[in-house]
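Counting with this note's numbering, you get residues 22 to 706 for the letters of the sequence shown.
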Amino acid sequence: MPNQRIVLAAGIVVLMISLSLCPSHHPGDLQKQNISMEQFGGGGTFEAQCSQSSFEDVFTYTWAEFNVTVADNWRTAQIDAMAWVNGTMADDFRTFLDDLLDGLVPSGGDGWLSSDEREAVRSVAADCVEYTMTRVGVRDGEHHRGGAAVDWRNATWVEDGVSIDEWNMVPERHGSVRDCSSFGSSQGCYEVPVVPNSDRDCDSDGELPDECRIELYLSGEVDLYNIQSLETLTLAMNVSNISRATYTINAPYVEGMRLSLFEECEGRDLLNGGSPTPIRGSCIGDGSSSVATNYNDRGGLTLQIEPDRPNAYWPSGEDLFFDLTTIPPPVDDPPSWTLEAPENDTLWVYGIVEGEVFDPNVVIEDWDEIAGWFIDDMAISKLNINCYNDEDMESNLFGEDRTIRATIPDDMGQFEFSCSAVDLSGQQSAERSFMATSGFTVSSNSSEDPPAIHETVDMEFYGVQLPITDNGVTQQIILEIGLSQNDEEPVYYENAIILQNGEQQIFSGSSSNLIPGAVDVWFKISGDGIQERVEKSSLIFQKIGDPPVISILNSEWVGTTWSMNGMFGEPDGEDVSFSMLIDGNNLGNVDALGNSWSVGPIDFALFDPGEHTITVRVCDASGMCSSADRSLNSTEALETPRGTEPPPNADQNDAEGLLPFPGSSSMIGILAAAFMYRRGARRAS
């Protein structure tokens, strides 16, 4: 049972080590592997299973303390940890261990935890912890927040440098303690129930062991790898799903070392990954984690970190960044605009859909963009961003959600505003003026509602009044048009259109890549002096598809049975389904493979002799259908002696041709055929 043995070790080890890997996937973040919350260990070797364990995902301790002492040469660090598991959490922990031991030892899974089972845990836990990935990374060089080429997981356990211990996992002083009852138990073995009775004795004021408290200990050394310079260091720490813990990091004495910036970065998607790397200084933080700095008796910097990120926030994660430096604090300069920030007099252009009411309340930019506008000595998130209109100086357009919003008046179609930033010292950046305008109108050129797309996507655009630049040139709007379906990313046409004041432009693009259904329209807006932005229009088209095509190739009699086959096609590439009707009643199934279909053999001895109509109907996912009919007369086939082929009769191919509902004389035959042949429609692939 090596796998269960490893999983057991991983469980207790990672309880003590909240520095283990937490599930996520994002290059440059603190972890790279995407691991289920419920997964312990994983598959493969001992090393692979232990390295993929994270106990905080399913179990919480009452409190834990981690003391980290960095060596004088900054090559290694000593970690000493202690965790307390109190009250009913101790019951949960013992139950967890007993369940994991089920099948590993004879007494596993029996509702009792024994001293022998405790030794089984101890025997492999220290080896397992050496393979767990820590939550901590340290990098020298310029302060940063990661990236595609950065692996933060560079603090690893030193081989043979880990020891673990526990206190009171299997308490001798327990109200229901008894000698072990399992075959093969060691001499002196005792066991306790994992869930005590109502007469439990916690004795929380006493010094002796009781059944309600467990203490876990860890001592180990981690390798910090290649730290070459202490001038600037970035300490990164993932605290997702960690609460009720304190981390104390003791650094050796380094002249002038200080914490220049602490950032709490929220919201990384641990389940799906893909969250962007934040700009240094742009993280807002929710205040759940804190850090206090001090200096120890040797003069070394001390960080006391208290994260509080309960697993109820899953899959939203949290990363902490600590920028350490020996560089003296810079002169407190006022904030300034970056090269990436919009220039003075930049326009934000918005589109209007003809015939619809324009929503004048627009979003100028969100924090992801605004964070790149300014640079300052302190974190950008500490700046006060002020954006206002001259007619309402009291209302800041930069809201509590850290987004700039504006209202474009209907009568003017333009809104002017100015922005600046103020630091904690009250110093202000230069002010820049901007304008938001409804710069163009789009119409669908269709009288249908919603507007339909057949062979091409057709739209008309009209340029609205735009400001004239300082050199007397009227600004132009460069408009790239994109389409999307089913909430996918838009695909843009190669040729952009250019709009000027009062001009009309006709756009016509191929619809060959569209499937039937709703089509969303997107605009990528840019131009000289125009802020590039992407806008999802309220204009929605409906792609009209073509019905499937079906034809009959051949039909034949064999005795009293009849069969037929043919070809089909779906112009829009949608899935199709088939049905077969006999005299207008859905009675059989159609077999489809590739672009071929077939029905039968159908035994017409079950039907009255005479004229019958067989209809094969094919429908696509949009509900558009086509059918092919064949009329036949079964009289000769039923009168011909068995083994003799009937002469061919003149069959007819018709579209949508159905005979009247059969009379009572043939109802018995139809019901019999339904019993034998009906298996429903079949989807073609």
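The C-beta atom is built at its ideal place from N, Cα and C for all residues, glycine as well.
Here the structure is a predicted model, which is why all the values come from computation and not from measurement.
- Along the segment 477-549, the beta strand (DSSP E) occurs as fully enclosed runs of 3 or more residues at 477-484, 498-505, 518-520, 525-531, 538-547, listed in sequence order.
- In this structure, Q486 sits away from D549, with a CB-CB distance that is not shorter than 8 angstroms.
- With respect to the 8 angstroms criterion, G205 and P127 are classified as neighbours on the basis of their beta carbons.
- In the three-state reduction of the DSSP assignment, T634 falls in the strand class, which pools E and B.
- Comparing C-alpha distances from N607 to each of R638, P214, G580 shows the shortest one belongs to R638.
- D641 is bridged by DSSP to V597.
- S459 counts as buried, since no fewer than 16 other beta carbons sit within 10 angstroms of its beta carbon.
- Residue pairing for V89: DSSP places it in a beta bridge opposite I100, I270.
- DSSP, reduced to helix, strand and coil, places W394 outside both helices and strands of the structure shown, so it counts as coil.
- When the beta-carbon positions are compared, I396 and G241 stay at least 8 angstroms from each other.
- Here M480 is buried: its Cβ has 16 or more other Cβ atoms, across all protein chains shown, within 10 Å.
- Cβ neighbours of N586 within its own chain (closer than 7 angstroms, five residues either side excluded): L574, N575, S617, W618, S619.
- By the beta-carbon neighbour count (other beta carbons within 10 angstroms, threshold 16), K564 is buried.
- Between R426 and W388 the beta-carbon gap is near 12 angstroms, outside 8 angstroms, which marks them as no contact.
- Going by C-alpha positions, S655 is about 12 angstroms away from S584.
- Looking at D604, V611, D612, S643, the one whose alpha-carbon comes closest to that of L653 is D604.
- Put simply, the backbone Cα of S402 is about 15 angstroms away from that of R166.
- When beta bridges are read from the DSSP output, F589 appears opposite I571.
- The beta carbon of H475 lies closer than 6 angstroms to those of I565 in the same chain, with the five residues before and after it left out.
- Around the beta carbon of P537, 16 or more other beta carbons lie within 10 angstroms, which makes this residue buried.
- A straight line joining the alpha-carbon of D398 with that of L535 spans about 51 angstroms.
- With a cut-off of 8 angstroms on Cβ pairs, the segment 432-443 is not in contact with the segment 516-532, counting fewer than three such pairs.
- According to DSSP, residue pairing for P214 in a beta bridge involves W133.
- Between the C-alpha atoms of N262 and G306 there is a straight-line separation of about 15 angstroms.
- The beta-carbon distance between L504 and T581, rounded to whole angstroms, is 55 angstroms. This is too long to meet the 8 angstroms contact definition.
- In this structure, the CA atom of Y316 is about 52 angstroms from the CA atom of T428.
- Here DSSP, grouped into helix, strand and coil, assigns W388 to helix.
- Shown here, R166 sits in coil according to DSSP, grouped into three states, outside any helix or strand.
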